[in-house]
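Residue numbers (the working numbering), protein chains in the order written: chain A, 1 to 148; chain B, 1 to 148; chain C, 1 to 148; chain D, 1 to 148.
The C-beta atom is built at its ideal place from N, Cα and C for all residues, glycine as well.
Note that the structure is predicted; figures quoted are calculated from it, not measured.
4 protein chains.
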Amino acid sequence: MSFTYNRTVRFQDTDAAGVVYFANVLSFCHEAYEESLEASSINLKEFFTNPSVAFPIVHASVDFLRPMFGGDKLLISLIPQKIGGDKFEITYEITVTEVMVAKAITRHVCIDASSRSKQELPDEIIQWLGMNHRDAESAERRKSREIM
Amino acid sequence: MSFTYNRTVRFQDTDAAGVVYFANVLSFCHEAYEESLEASSINLKEFFTNPSVAFPIVHASVDFLRPMFGGDKLLISLIPQKIGGDKFEITYEITVTEVMVAKAITRHVCIDASSRSKQELPDEIIQWLGMNHRDAESAERRKSREIM
Amino acid sequence: MSFTYNRTVRFQDTDAAGVVYFANVLSFCHEAYEESLEASSINLKEFFTNPSVAFPIVHASVDFLRPMFGGDKLLISLIPQKIGGDKFEITYEITVTEVMVAKAITRHVCIDASSRSKQELPDEIIQWLGMNHRDAESAERRKSREIM
Amino acid sequence: MSFTYNRTVRFQDTDAAGVVYFANVLSFCHEAYEESLEASSINLKEFFTNPSVAFPIVHASVDFLRPMFGGDKLLISLIPQKIGGDKFEITYEITVTEVMVAKAITRHVCIDASSRSKQELPDEIIQWLGMNHRDAESAERRKSREIM
Numbered sequence: 001m002s003f004t005y006n007r008t009v010r011f012q013d014t015d016a017a018g019v020v021y022f023a024n025v026l027s028f029c030h031e032a033y034e035e036s037l038e039a040s041s042i043n044l045k046e047f048f049t050n051p052s053v054a055f056p057i058v059h060a061s062v063d064f065l066r067p068m069f070g071g072d073k074l075l076i077s078l079i080p081q082k083i084g085g086d087k088f089e090i091t092y093e094i095t096v097t098e099v100m101v102a103k104a105i106t107r108h109v110c111i112d113a114s115s116r117s118k119q120e121l122p123d124e125i126i127q128w129l130g131m132n133h134r135d136a137e138s139a140e141r142r143k144s145r146e147i148m
Numbered sequence: 001m002s003f004t005y006n007r008t009v010r011f012q013d014t015d016a017a018g019v020v021y022f023a024n025v026l027s028f029c030h031e032a033y034e035e036s037l038e039a040s041s042i043n044l045k046e047f048f049t050n051p052s053v054a055f056p057i058v059h060a061s062v063d064f065l066r067p068m069f070g071g072d073k074l075l076i077s078l079i080p081q082k083i084g085g086d087k088f089e090i091t092y093e094i095t096v097t098e099v100m101v102a103k104a105i106t107r108h109v110c111i112d113a114s115s116r117s118k119q120e121l122p123d124e125i126i127q128w129l130g131m132n133h134r135d136a137e138s139a140e141r142r143k144s145r146e147i148m
Numbered sequence: 001m002s003f004t005y006n007r008t009v010r011f012q013d014t015d016a017a018g019v020v021y022f023a024n025v026l027s028f029c030h031e032a033y034e035e036s037l038e039a040s041s042i043n044l045k046e047f048f049t050n051p052s053v054a055f056p057i058v059h060a061s062v063d064f065l066r067p068m069f070g071g072d073k074l075l076i077s078l079i080p081q082k083i084g085g086d087k088f089e090i091t092y093e094i095t096v097t098e099v100m101v102a103k104a105i106t107r108h109v110c111i112d113a114s115s116r117s118k119q120e121l122p123d124e125i126i127q128w129l130g131m132n133h134r135d136a137e138s139a140e141r142r143k144s145r146e147i148m
Numbered sequence: 001m002s003f004t005y006n007r008t009v010r011f012q013d014t015d016a017a018g019v020v021y022f023a024n025v026l027s028f029c030h031e032a033y034e035e036s037l038e039a040s041s042i043n044l045k046e047f048f049t050n051p052s053v054a055f056p057i058v059h060a061s062v063d064f065l066r067p068m069f070g071g072d073k074l075l076i077s078l079i080p081q082k083i084g085g086d087k088f089e090i091t092y093e094i095t096v097t098e099v100m101v102a103k104a105i106t107r108h109v110c111i112d113a114s115s116r117s118k119q120e121l122p123d124e125i126i127q128w129l130g131m132n133h134r135d136a137e138s139a140e141r142r143k144s145r146e147i148m
């Protein structure tokens, strides 16, 4: 099973059109990413406050399939994948009561936080990638068996 | 016991000073308010999307006692109180590992959502006020007993 | 010349990494879109508050080339383009002192705001598209002449 | 004349009630504060990114007099005042077409950014306070003369 994160849409997330403001959907995805890091025993405070290594996003994209409303219960599932020695990509699927409402991608590069030069992914991220990717693979296999 | 809401500080909530951006603390409080409404069986989607009655905030204040960092686990407790036929006030206390980090107040007035004229608090809000206030009173009594 | 919008990076736009939080860059782009609508004599209040026709974003993507810091003076240029009877796409380029820092795209579909069914782009949007596209074409021609 | 800042309400600032989300009004005020610092020749990037001295907000309050809508043109005027060797307070008034829509206060304390211990207000802030306070006093005197 891929990592999943539950998130209620807050009043603040909506705009005058009565639905979630588009850019906020990427913030929901980032929350899921943070939650998955924590589930992998990474200390969020150290990770985000004055770290020696950082993982800035170099690309993000999002597709909106249905509007999300205040009070909606979102289920965000994420699958991270290593795409180079110093890069990884995360794909996200957001559903409400099992109906897909949005899909997104964030691509991250690993840098030294002070010099901002690229560097190899550290062990804790390799471990996080492995854990979540293995989970995703088992889920895929389970799905295949169910279909057969 | 007063109503409590658990909230992890997200990366998005912080600013370049490395701590939570001040105005976001009021948003955390509003989330706790939304959660308490839902716990009182109020449908959030109906409450916030095209409602006939609305409860806009006419006053808010917040005191910051200690900085909050990304990853911090906040516990927000709230106590609402009726302060007139068409008004209520909510007081919030935010703690991190039992240390108080912020206190806040929001004051709400009840209006007809289309005409924006004031009106009496509806039954579902009276019930929500009663439930949370009674809880708060029991907590106070319990505290007194513990002191004695 | 394509439409341009000046925007100072605010403290609120940054996160604990000391730079602009990624999703906020899409909000900057949306602000530029709003400003270009207003420059085309579209009344923003009517456009966004209880309109009969709406233009929700169905896709967005953004590439981050360099970090943006609090206080940075952004110049956002945008070029909208009709991509169907009921769709348009906007491309954005963000520069700081003539250095490109980000590029983005938003794709919008035209819907009836109450039924949420697709409909043809209305005249005021066709006019806005024409105005900004013509500007963009002249800029391209001017650039070509300068190169020759 | 007190320092003034013009700000258009953006779509992002609104919520599903069709008006500005309450906590965002304090962010508008903070933007006005940032703009006034810059007008006093303070470099915002240095001020907010890894500074040696910081001015965290210890108290904020806001009164909402009328709703603000997407597209509204806000005029925010601010008056800062020294309230101790290591503290200052800013009062803000927000108007739309000369009608007051909100009033707010932020109270700031001066700290050493690394140790977080209180310290005396530095010269550049004393100068900013003087400049804006003198302006405010002249405005008051002008008003008195106009009344007489």
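If you compare alpha carbons, which of A:Asn43, A:Leu75, A:Asp86, A:Gly85 is closest to Val25 (chain A)?
-> As a working note, residue 25 (chain A) is residue 25 in the first sequence. Cα-wise, what sits closest to Val25 (chain A) is A:Leu75.
Can you tell me where the beta strand (DSSP E) with Tyr5 (chain B) in it begins and where it stops?
-> Position 5 of the second sequence, counted from the first residue, corresponds to residue 5 (chain B). From DSSP, the beta strand (DSSP E) with Tyr5 (chain B) extends over 3–8.
Exposure of Ser2 (chain D), with buried meaning 16 or more beta-carbon neighbours within 10 Å = Position 2 of the fourth sequence holds residue 2 (chain D). Residue burial annotation: Ser2 (chain D) is buried, with at least 16 other C-beta atoms found within 10 angstroms of its C-beta.
When the Cα atoms are used, what is the spatial distance from Ile57 (chain B) to Phe88 (chain A)?
-> What you label residue 57 (chain B) is simply residue 57 of the second sequence in a count that begins at 1. What you label residue 88 (chain A) is simply residue 88 of the first sequence in a count that begins at 1. Going from the Cα of Ile57 (chain B) to the Cα of Phe88 (chain A) covers about 43 Å.
Kindly indicate which residue of D:Ser52, D:Pro80, D:Val9, D:Ala39 has the alpha-carbon position closest to the one of Glu31 (chain C).
-> For the purposes of this step, residue 31 (chain C) is taken as residue 31 along the third sequence, with counting starting at 1. Considering only alpha carbons, the answer is D:Val9.
At least one CB of chain C closer than 7 Å to the CB of Gln127 (chain B): is that the case?
-> For this step, residue 127 (chain B) is matched to residue 127 along the second sequence. No, because no Cβ of chain C sits closer than 7 Å to the Cβ of Gln127 (chain B).
Going by beta carbon distance, what residues of the same chain come within less than 6 Å of Arg66 (chain A), once the five residues before and after it are set aside?
-> Walking along the first sequence from the start, residue 66 (chain A) turns up at place 66. Cβ neighbours of Arg66 (chain A) beyond the five flanking positions: Val101.
Can Ala16 (chain B) and Thr49 (chain D) be called in contact, C-beta distance under 7 Å?
-> Mapped onto the second sequence, residue 16 (chain B) falls at position 16. Mapped onto the fourth sequence, residue 49 (chain D) falls at position 49. Going by C-beta atoms, Ala16 (chain B) is nearer than 7 Å to Thr49 (chain D).
Got a sec: which bits of the region 24–39 of chain A sit with their beta carbon under 7 Å from any beta carbon on chain B, in order along the chain?
-> Residues Ser27, His30, Glu31, Glu34.
Proximal residues to Leu37 (chain B) (C-beta, below 8 Å), its chain only, five neighbours per side dropped = As a first step, residue 37 (chain B) must be located in the second sequence, where it is residue number 37. For Leu37 (chain B), where only same-chain residues beyond five positions count, the Cβ hits under 8 Å are Leu44, Phe47, Trp128.
Between which two residues does the alpha helix (DSSP H) harbouring Tyr33 (chain A) extend?
-> Indexing the first sequence from 1 puts residue 33 (chain A) at position 33. Unbroken alpha helix (DSSP H) run through Tyr33 (chain A): 22–39.
Interface residues of chain C facing Gly130 (chain B) [CB-CB closer than 7 Å] = Here residue 130 (chain B) refers to the residue found at position 130 of the second sequence. None at all; the shortest Cβ gap to chain C is about 35 Å.
Is the shortest distance between the beta-carbon of Gly18 (chain A) and the beta-carbons of chain D less than 7 Å?
-> Taking the first sequence and counting its residues from 1, one reaches residue 18 (chain A) at position 18. At least one chain D Cβ lies under 7 Å of Gly18 (chain A).
With DSSP as the reference, label Met68 (chain D) as helix, strand or coil.
-> Taking the fourth sequence and counting its residues from 1, the one referred to as residue 68 (chain D) is at position 68. Correct three-state label for Met68 (chain D): coil.
Check each candidate in B:Phe22, B:Ala60, B:Glu35, B:Val20 and name the one with the smallest Cα separation from Ala104 (chain B).
-> In the second sequence, counting from the first residue as 1, residue 104 (chain B) sits at position 104. It is B:Ala60.
Consider the C-beta atom of Gly84 (chain A) and the heavy atoms of the ligand SAM; say whether any pair is separated by less than 6 Å.
-> What this structure holds is no ligand at all, so the ligand SAM is not there to describe.
For Thr97 (chain B), decide whether its Cβ has a neighbour in chain C, counting only Cβ atoms nearer than 7 Å.
-> For the purposes of this step, residue 97 (chain B) is identified with residue 97 of the second sequence, where counting begins at 1. Chain C, which has no Cβ nearer than 7 Å to the Cβ of Thr97 (chain B), makes this no.
Residues bridged to Lys118 (chain A) by DSSP?
-> What you label residue 118 (chain A) is simply residue 118 of the first sequence in a count that begins at 1. In DSSP, Lys118 (chain A) forms a bridge with A:Ile111.
So, is the C-beta of Phe48 (chain A) closer than 7 Å to a C-beta in chain B?
-> The residue labelled residue 48 (chain A) in the question sits at position 48 within the first sequence. Interface flag for Phe48 (chain A) against chain B is set, since a Cβ pair is found closer than 7 Å.
Interface partners of His59 (chain D) on chain B, CB under 9 Å | The sequence position of residue 59 (chain D) within the fourth sequence is 59, counting from 1. In chain order: Ser61, Val62, Asp63, Phe64.
Can you say whether Ile83 (chain C) is buried or exposed, counting buried as having 16 or more other CB atoms within 10 angstroms of its CB?
-> Along the third sequence, read from residue 1 onward, the residue named residue 83 (chain C) stands at position 83. With fewer than 16 other Cβ atoms within 10 Å, it is exposed.
At a Cβ threshold of 7 Å, is Phe22 (chain C) touching chain A?
-> As a working note, residue 22 (chain C) is residue 22 in the third sequence. Output row for Phe22 (chain C): interface = yes.
Looking at the unbroken alpha helix (DSSP H) that takes in Phe47 (chain B), where does it start and where does it end?
-> Taking the second sequence and counting its residues from 1, one reaches residue 47 (chain B) at position 47. Its alpha helix (DSSP H) spans residues 44–48.
Within-7 Å CB hit, Arg10 (chain D) to chain C = If you number the fourth sequence from 1, residue 10 (chain D) lands on position 10. For Arg10 (chain D), the answer is yes, since a Cβ of chain C falls inside 7 Å of its Cβ.
Beta-ladder partner(s) of Asp63 (chain D), from DSSP | Taking the fourth sequence and counting its residues from 1, the one referred to as residue 63 (chain D) is at position 63. Asp63 (chain D) pairs with B:His59, D:Lys103.
Flag Thr14 (chain B) as yes if its beta-carbon sits less than 7 Å from any beta-carbon of chain C, otherwise no.
-> For this step, residue 14 (chain B) is matched to residue 14 along the second sequence. For Thr14 (chain B), the answer is yes, since a Cβ of chain C falls inside 7 Å of its Cβ.
Between the C-alpha atoms of Gln81 (chain C) and Asp123 (chain A), what's the straight-line distance to the nearest angstrom?
-> Position 81 of the third sequence holds residue 81 (chain C). Position 123 of the first sequence holds residue 123 (chain A). Taking the straight line joining both Cα atoms gives about 45 Å.
Return the chain-ordered ranges of every beta strand (DSSP E) run that is complete within the region 68–97 of chain B and spans a minimum of 3 residues.
-> The qualifying runs are 73–84, 87–96.
For Val99 (chain B), is the classification buried or exposed, using 16 other Cβ atoms within 10 angstroms of its Cβ as the cut-off for buried?
-> As a working mapping, residue 99 (chain B) is identified with position 99 in the second sequence. Classification of Val99 (chain B): exposed, given that the 10 Å Cβ count is below 16.
Closer than 6 Å by C-beta to Ile94 (chain D): which residues in its own chain qualify, once you throw out the five before and the five after it? Chain order, please.
-> What you label residue 94 (chain D) is simply residue 94 of the fourth sequence in a count that begins at 1. Cβ within range, chain order: Leu74, Ile76, Val101, Ala102.
Do we get a CB-CB distance below 7 Å when we pair Gly70 (chain D) with the residues of chain C?
-> Within the fourth sequence, residue 70 (chain D) is the residue found at index 70, counting from 1. With 7 Å as the cut-off, Gly70 (chain D) counts as an interface residue toward chain C.
Using a Cβ-Cβ cut-off of 8 Å (strictly less than) and excluding sequence neighbours within five positions of Gly71 (chain B), which residues of its own chain qualify?
-> On the second sequence, residue 71 (chain B) is found 71 positions in, with the first residue counted as 1. Hits under 8 Å: Thr8, Val9.
Rounded separation between Phe64 (chain B) and Asn6 (chain D) - CA only | Here the question's residue 64 (chain B) lines up with position 64 in the second sequence. Here the question's residue 6 (chain D) lines up with position 6 in the fourth sequence. Whole-angstrom Cα-Cα distance: 28 Å.
Kindly list, in the order they appear in chain C, the residues whose Cβ is closer than 8 Å to that of Asn6 (chain D).
-> Working through the fourth sequence from its first residue, we reach residue 6 (chain D) at position 6. Near Asn6 (chain D) there are no residues of chain C at all, since even the closest Cβ is about 12 Å away, more than 8 Å.
With 7 Å set as the bound, which would you pick, yes or no: does the beta-carbon of Lys73 (chain C) sit closer than that to a beta-carbon of chain D?
-> Here residue 73 (chain C) refers to the residue found at position 73 when the third sequence is read from its first residue. Closer than 7 Å: no.
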